[in-house]
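Here is the structure we will look at.
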Amino acid sequence: MISSYTNQKVKRIVSYIQKNKARREDDVFIVEGMKMIYEVPKKSLKEIYVSESFSKKNEQDMQYLKLTGAEFEVTSDDVFKKMADTQTPQGVLAVVRQFHYKLSDILDSKDSAPLILILESIQDPGNLGTMLRSGEGAGVTGIIMSRDTADIYNPKVVRSTMGSIFRLPFIYTDNLSEIVKELKQRNVTTYAAHLKGRHNYDEVDYKKATAFMIGNEGKGLSRETADSADEYILIPMLGKVESMNAATSAAILTFEAARQRRQ
(Lines of atoms letter the chains of each structure in order from A and count residues from 1; the text may use other names and numbers.)
(Lines give C-alpha, C1' and ligand atoms only; values in the text may rest on other atoms or scores of the structure.)
Protein backbone atom coordinates (compact mmCIF):
# COMPACT_ATOMS: atom_id res chain seq x y z
CA MET A 1 0.00 0.00 0.00
CA ILE A 2 1.22 3.48 -0.87
CA SER A 3 1.34 5.61 2.29
CA SER A 4 3.87 8.33 1.43
CA TYR A 5 3.10 11.69 -0.17
CA THR A 6 6.56 11.61 -1.76
CA ASN A 7 5.94 8.35 -3.62
CA GLN A 8 6.84 8.87 -7.28
CA LYS A 9 3.56 7.44 -8.49
CA VAL A 10 1.65 9.90 -6.33
CA LYS A 11 3.69 12.80 -7.68
CA ARG A 12 3.09 11.61 -11.23
CA ILE A 13 -0.70 11.42 -10.73
CA VAL A 14 -0.74 14.95 -9.30
CA SER A 15 1.22 16.20 -12.31
CA TYR A 16 -1.30 14.58 -14.69
CA ILE A 17 -4.12 16.39 -12.91
CA GLN A 18 -2.41 19.77 -12.84
CA LYS A 19 -0.40 19.93 -16.05
CA ASN A 20 -1.44 19.58 -19.68
CA LYS A 21 2.23 19.07 -20.59
CA ALA A 22 2.59 16.04 -18.32
CA ARG A 23 -0.58 14.46 -19.73
CA ARG A 24 0.55 15.12 -23.28
CA GLU A 25 4.06 13.77 -22.80
CA ASP A 26 2.83 10.49 -21.29
CA ASP A 27 -0.27 10.33 -23.53
CA VAL A 28 -2.66 9.80 -20.61
CA PHE A 29 -5.34 11.53 -18.55
CA ILE A 30 -7.11 11.03 -15.22
CA VAL A 31 -10.63 9.75 -14.59
CA GLU A 32 -12.19 9.78 -11.11
CA GLY A 33 -15.13 7.79 -9.71
CA MET A 34 -16.58 4.38 -10.54
CA LYS A 35 -19.40 5.77 -12.70
CA MET A 36 -16.85 7.19 -15.14
CA ILE A 37 -14.41 4.30 -14.84
CA TYR A 38 -17.12 1.79 -15.81
CA GLU A 39 -17.49 3.74 -19.07
CA VAL A 40 -13.78 3.68 -19.96
CA PRO A 41 -12.97 1.03 -22.59
CA LYS A 42 -10.97 -1.60 -20.69
CA LYS A 43 -8.16 -1.50 -23.24
CA SER A 44 -7.70 2.20 -22.44
CA LEU A 45 -7.25 1.67 -18.69
CA LYS A 46 -3.58 1.86 -17.76
CA GLU A 47 -3.42 2.24 -13.95
CA ILE A 48 -6.01 2.20 -11.14
CA TYR A 49 -5.63 3.65 -7.65
CA VAL A 50 -8.08 3.12 -4.77
CA SER A 51 -8.07 4.40 -1.21
CA GLU A 52 -7.82 1.92 1.65
CA SER A 53 -11.36 2.68 2.83
CA PHE A 54 -12.76 2.25 -0.70
CA SER A 55 -11.07 -1.14 -1.03
CA LYS A 56 -12.77 -2.37 2.15
CA LYS A 57 -16.28 -1.07 1.43
CA ASN A 58 -16.80 -1.76 -2.29
CA GLU A 59 -16.27 -5.45 -2.94
CA GLN A 60 -18.15 -5.63 -6.25
CA ASP A 61 -16.35 -2.60 -7.67
CA MET A 62 -13.02 -3.99 -6.49
CA GLN A 63 -13.66 -7.24 -8.34
CA TYR A 64 -14.33 -5.32 -11.55
CA LEU A 65 -11.24 -3.14 -11.16
CA LYS A 66 -8.92 -6.08 -10.55
CA LEU A 67 -10.21 -7.86 -13.66
CA THR A 68 -9.57 -4.94 -16.02
CA GLY A 69 -5.93 -5.90 -16.50
CA ALA A 70 -4.74 -2.44 -15.47
CA GLU A 71 -1.93 -1.95 -12.94
CA PHE A 72 -3.58 -1.75 -9.51
CA GLU A 73 -2.54 0.11 -6.34
CA VAL A 74 -4.10 0.77 -2.92
CA THR A 75 -3.20 4.00 -1.12
CA SER A 76 -3.85 5.34 2.35
CA ASP A 77 -6.88 7.62 2.57
CA ASP A 78 -4.70 10.68 3.23
CA VAL A 79 -2.49 10.00 0.23
CA PHE A 80 -5.51 9.47 -2.00
CA LYS A 81 -6.91 12.87 -1.00
CA LYS A 82 -3.62 14.41 -2.13
CA MET A 83 -3.83 12.62 -5.46
CA ALA A 84 -7.46 13.40 -6.26
CA ASP A 85 -8.69 16.52 -8.03
CA THR A 86 -12.14 16.65 -6.40
CA GLN A 87 -12.87 18.18 -2.98
CA THR A 88 -14.68 15.05 -1.82
CA PRO A 89 -12.83 12.15 -3.49
CA GLN A 90 -14.77 8.98 -4.19
CA GLY A 91 -11.74 6.84 -3.43
CA VAL A 92 -10.95 5.58 -6.91
CA LEU A 93 -9.19 7.05 -9.94
CA ALA A 94 -7.67 5.71 -13.12
CA VAL A 95 -4.90 6.66 -15.50
CA VAL A 96 -6.39 6.34 -18.99
CA ARG A 97 -4.65 6.28 -22.37
CA GLN A 98 -5.51 9.26 -24.55
CA PHE A 99 -7.56 8.75 -27.69
CA HIS A 100 -6.29 9.53 -31.18
CA TYR A 101 -8.75 10.26 -33.97
CA LYS A 102 -8.59 11.41 -37.58
CA LEU A 103 -10.98 13.64 -39.50
CA SER A 104 -12.32 10.53 -41.21
CA ASP A 105 -13.52 9.21 -37.83
CA ILE A 106 -15.75 12.29 -37.59
CA LEU A 107 -16.94 12.33 -41.20
CA ASP A 108 -17.60 8.65 -41.75
CA SER A 109 -20.95 8.46 -39.95
CA LYS A 110 -22.67 5.13 -40.62
CA ASP A 111 -26.15 5.98 -39.34
CA SER A 112 -26.79 9.48 -40.72
CA ALA A 113 -25.24 12.51 -42.37
CA PRO A 114 -22.34 13.92 -40.31
CA LEU A 115 -23.28 16.50 -37.67
CA ILE A 116 -20.16 18.31 -36.51
CA LEU A 117 -19.25 20.97 -33.96
CA ILE A 118 -16.36 23.27 -34.86
CA LEU A 119 -15.09 25.12 -31.78
CA GLU A 120 -12.78 28.11 -31.84
CA SER A 121 -10.88 29.23 -28.73
CA ILE A 122 -13.34 27.81 -26.18
CA GLN A 123 -11.62 28.44 -22.86
CA ASP A 124 -13.98 27.34 -20.12
CA PRO A 125 -13.51 23.64 -19.21
CA GLY A 126 -17.12 23.34 -18.09
CA ASN A 127 -18.38 24.71 -21.41
CA LEU A 128 -16.23 22.32 -23.40
CA GLY A 129 -17.31 19.30 -21.36
CA THR A 130 -20.94 20.31 -21.64
CA MET A 131 -20.59 20.60 -25.42
CA LEU A 132 -19.39 17.02 -25.63
CA ARG A 133 -22.19 15.79 -23.38
CA SER A 134 -25.02 17.67 -25.11
CA GLY A 135 -23.42 16.99 -28.47
CA GLU A 136 -23.59 13.25 -27.95
CA GLY A 137 -27.21 13.61 -26.89
CA ALA A 138 -28.03 15.49 -30.08
CA GLY A 139 -26.30 12.98 -32.33
CA VAL A 140 -23.14 14.95 -33.07
CA THR A 141 -20.69 12.70 -34.91
CA GLY A 142 -17.54 14.55 -33.86
CA ILE A 143 -15.93 17.74 -32.62
CA ILE A 144 -13.17 19.80 -34.27
CA MET A 145 -11.30 22.30 -32.07
CA SER A 146 -8.78 25.05 -32.66
CA ARG A 147 -5.45 24.41 -30.96
CA ASP A 148 -6.07 27.15 -28.38
CA THR A 149 -9.28 25.55 -27.16
CA ALA A 150 -9.12 24.22 -23.59
CA ASP A 151 -7.44 20.85 -23.11
CA ILE A 152 -10.12 18.21 -23.48
CA TYR A 153 -8.22 16.04 -20.98
CA ASN A 154 -8.37 18.65 -18.23
CA PRO A 155 -10.05 16.84 -15.28
CA LYS A 156 -12.82 19.47 -15.16
CA VAL A 157 -13.61 18.87 -18.83
CA VAL A 158 -13.55 15.11 -18.37
CA ARG A 159 -15.99 15.28 -15.44
CA SER A 160 -18.31 17.63 -17.34
CA THR A 161 -18.58 15.21 -20.26
CA MET A 162 -20.18 12.57 -18.00
CA GLY A 163 -18.63 9.83 -20.16
CA SER A 164 -19.14 11.35 -23.62
CA ILE A 165 -15.37 11.80 -23.96
CA PHE A 166 -15.12 8.02 -24.36
CA ARG A 167 -17.60 7.85 -27.22
CA LEU A 168 -17.40 11.05 -29.27
CA PRO A 169 -14.44 11.46 -31.66
CA PHE A 170 -12.58 14.77 -31.58
CA ILE A 171 -9.52 16.41 -33.10
CA TYR A 172 -7.50 19.60 -32.64
CA THR A 173 -6.25 21.61 -35.60
CA ASP A 174 -3.81 24.47 -36.14
CA ASN A 175 -5.88 25.84 -39.01
CA LEU A 176 -9.67 25.83 -38.79
CA SER A 177 -10.07 27.50 -42.17
CA GLU A 178 -8.21 24.66 -43.90
CA ILE A 179 -10.37 22.11 -42.11
CA VAL A 180 -13.50 23.98 -43.25
CA LYS A 181 -12.24 23.83 -46.86
CA GLU A 182 -11.79 20.08 -46.52
CA LEU A 183 -15.28 19.73 -45.08
CA LYS A 184 -16.73 21.62 -48.03
CA GLN A 185 -14.92 19.25 -50.38
CA ARG A 186 -16.74 16.45 -48.55
CA ASN A 187 -20.08 18.22 -49.08
CA VAL A 188 -20.47 19.34 -45.47
CA THR A 189 -22.31 22.68 -45.17
CA THR A 190 -20.84 24.94 -42.49
CA TYR A 191 -22.84 27.43 -40.43
CA ALA A 192 -21.35 30.13 -38.21
CA ALA A 193 -23.38 31.14 -35.16
CA HIS A 194 -23.23 34.90 -35.58
CA LEU A 195 -25.13 38.06 -34.62
CA LYS A 196 -25.10 39.08 -38.30
CA GLY A 197 -26.88 35.93 -39.43
CA ARG A 198 -29.34 36.47 -42.29
CA HIS A 199 -31.56 33.59 -41.22
CA ASN A 200 -32.72 32.44 -37.80
CA TYR A 201 -31.23 29.08 -36.88
CA ASP A 202 -34.61 27.29 -37.11
CA GLU A 203 -35.21 28.44 -40.70
CA VAL A 204 -32.40 26.37 -42.20
CA ASP A 205 -32.34 22.71 -43.29
CA TYR A 206 -29.80 20.61 -41.35
CA LYS A 207 -30.78 17.16 -42.60
CA LYS A 208 -27.77 17.14 -44.90
CA ALA A 209 -24.15 16.91 -43.69
CA THR A 210 -23.78 19.90 -41.35
CA ALA A 211 -21.16 21.63 -39.21
CA PHE A 212 -21.88 24.35 -36.66
CA MET A 213 -19.14 26.83 -35.79
CA ILE A 214 -19.08 28.19 -32.23
CA GLY A 215 -16.66 30.88 -31.08
CA ASN A 216 -14.94 32.02 -27.91
CA GLU A 217 -17.13 32.81 -24.89
CA GLY A 218 -16.22 36.50 -24.89
CA LYS A 219 -15.20 37.35 -28.45
CA GLY A 220 -17.19 34.92 -30.56
CA LEU A 221 -15.76 33.61 -33.82
CA SER A 222 -12.78 35.36 -35.39
CA ARG A 223 -13.51 37.17 -38.66
CA GLU A 224 -11.40 34.71 -40.65
CA THR A 225 -13.12 31.64 -39.23
CA ALA A 226 -16.63 33.07 -39.49
CA ASP A 227 -16.08 34.13 -43.09
CA SER A 228 -14.96 30.63 -44.02
CA ALA A 229 -18.47 29.34 -43.26
CA ASP A 230 -21.08 28.85 -45.95
CA GLU A 231 -23.61 30.92 -44.03
CA TYR A 232 -24.11 32.95 -40.85
CA ILE A 233 -27.09 31.88 -38.73
CA LEU A 234 -28.69 33.81 -35.90
CA ILE A 235 -30.09 32.65 -32.56
CA PRO A 236 -32.63 35.42 -31.88
CA MET A 237 -32.79 36.69 -28.29
CA LEU A 238 -35.30 38.78 -26.38
CA GLY A 239 -34.68 41.25 -23.58
CA LYS A 240 -31.35 43.04 -23.30
CA VAL A 241 -29.17 39.96 -23.73
CA GLU A 242 -26.33 40.66 -26.15
CA SER A 243 -24.68 37.25 -26.28
CA MET A 244 -25.31 33.65 -25.35
CA ASN A 245 -23.25 31.07 -23.49
CA ALA A 246 -21.20 29.07 -26.00
CA ALA A 247 -22.34 25.70 -24.67
CA THR A 248 -25.98 26.83 -24.75
CA SER A 249 -25.59 27.98 -28.36
CA ALA A 250 -24.09 24.64 -29.34
CA ALA A 251 -26.95 22.77 -27.66
CA ILE A 252 -29.65 24.90 -29.33
CA LEU A 253 -28.18 24.38 -32.79
CA THR A 254 -27.40 20.68 -32.53
CA PHE A 255 -30.75 19.77 -30.99
CA GLU A 256 -32.53 21.70 -33.75
CA ALA A 257 -30.62 19.54 -36.24
CA ALA A 258 -31.61 16.46 -34.23
CA ARG A 259 -35.29 17.55 -34.27
CA GLN A 260 -35.24 17.97 -38.04
CA ARG A 261 -33.58 14.63 -38.57
CA ARG A 262 -36.23 12.82 -36.52
CA GLN A 263 -38.99 14.02 -38.87
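Sequential numbering from 3 applies to the sequence shown in my numbering.
Built from N, CA and C at the ideal position, the CB exists for glycine as well.
Note that the structure is a prediction, hence the values are computed from the model and not measured.
{"Item": "Opening and closing residue of the beta strand (DSSP E) in which His192 lies", "Value": "It should be noted that the sequence gives Thr, not His, for residue 192. Where Thr192 is concerned, the enclosing beta strand (DSSP E) stretches over Thr191 to Ala195."}
{"Item": "Alpha-carbon spacing of Tyr7 relative to Pro127, whole angstroms", "Value": "28 Å"}
{"Item": "CB of Val182 within 7 Å of CB of Ser148, strictly", "Value": "no"}
{"Item": "Range covered by the beta strand (DSSP E) that runs through Arg99", "Value": "Val94 to Arg99"}
{"Item": "Residue from Thr192, His201 and Lys13 with nearest C-alpha to Ala228", "Value": "Thr192"}
{"Item": "Separation of Leu185 from Ala260, as counted between CA atoms", "Value": "20 Å"}
{"Item": "From Arg263, Asn247 and Glu205, residue whose alpha carbon lies closest to that of Leu236", "Value": "Glu205"}
{"Item": "Exposure of Thr90, with buried meaning 16 or more beta-carbon neighbours within 10 Å", "Value": "exposed"}
{"Item": "Where the alpha helix (DSSP H) containing Met64 begins and where it ends", "Value": "Glu61 to Lys68"}
{"Item": "Same chain only: Cβ atoms within 6 Å of Ile145, ignoring 5 sequence neighbours per side", "Value": "Leu119 and Phe172"}
{"Item": "Glu219 versus Lys59 - alpha carbon distance", "Value": "43 Å"}
{"Item": "Integer-rounded CB distance, given that Gly217 should sit under 8 Å from Ser136", "Value": "Actually they are not in contact, since the Cβ atoms of Ser136 and Gly217 sit about 17 Å apart, beyond 8 Å."}
{"Item": "Within 7 Å, strictly: CB atoms of Lys209 and Arg263", "Value": "yes"}
{"Item": "Secondary structure, beta strand (DSSP E): runs of 3+ residues fully inside the region 27 to 55", "Value": "30 to 34 and 47 to 53"}
{"Item": "Contact under 7 Å by Cβ, Gln125 with Phe31", "Value": "no"}
{"Item": "Terminal residues of the alpha helix (DSSP H) in which Thr250 lies", "Value": "Ala248 to Arg264"}
{"Item": "Extent of the continuous alpha helix (DSSP H) to which Ser5 belongs", "Value": "Here Ser5 belongs to no alpha helix (DSSP H), and DSSP marks it neither H nor E."}
{"Item": "Proximity of Asn9 and Asp153 at Cβ, strictly below 7 Å", "Value": "no"}
{"Item": "Among Ala195, Glu75, Glu180 and Ala211, the one whose alpha carbon lies nearest that of Val12", "Value": "Glu75"}
{"Item": "Nearest to Asp176 (by Cα), restricted to the options Ala194, Asp150 and Lys45", "Value": "Asp150"}
{"Item": "Tyr203 - DSSP class collapsed to helix/strand/coil", "Value": "helix"}
{"Item": "Cα-Cα separation between Asp232 and Tyr174, rounded to whole angstroms", "Value": "21 Å"}
{"Item": "Residue of Ala115, Leu109, Ser53 and Pro116 minimising C-alpha distance to Met85", "Value": "Ser53"}
{"Item": "Nearest candidate by alpha-carbon position, reference Leu117, set Val190, Arg25 and Tyr18", "Value": "Val190"}
{"Item": "Check whether Met133 and Ala213 have beta carbons under 7 Å apart", "Value": "no"}
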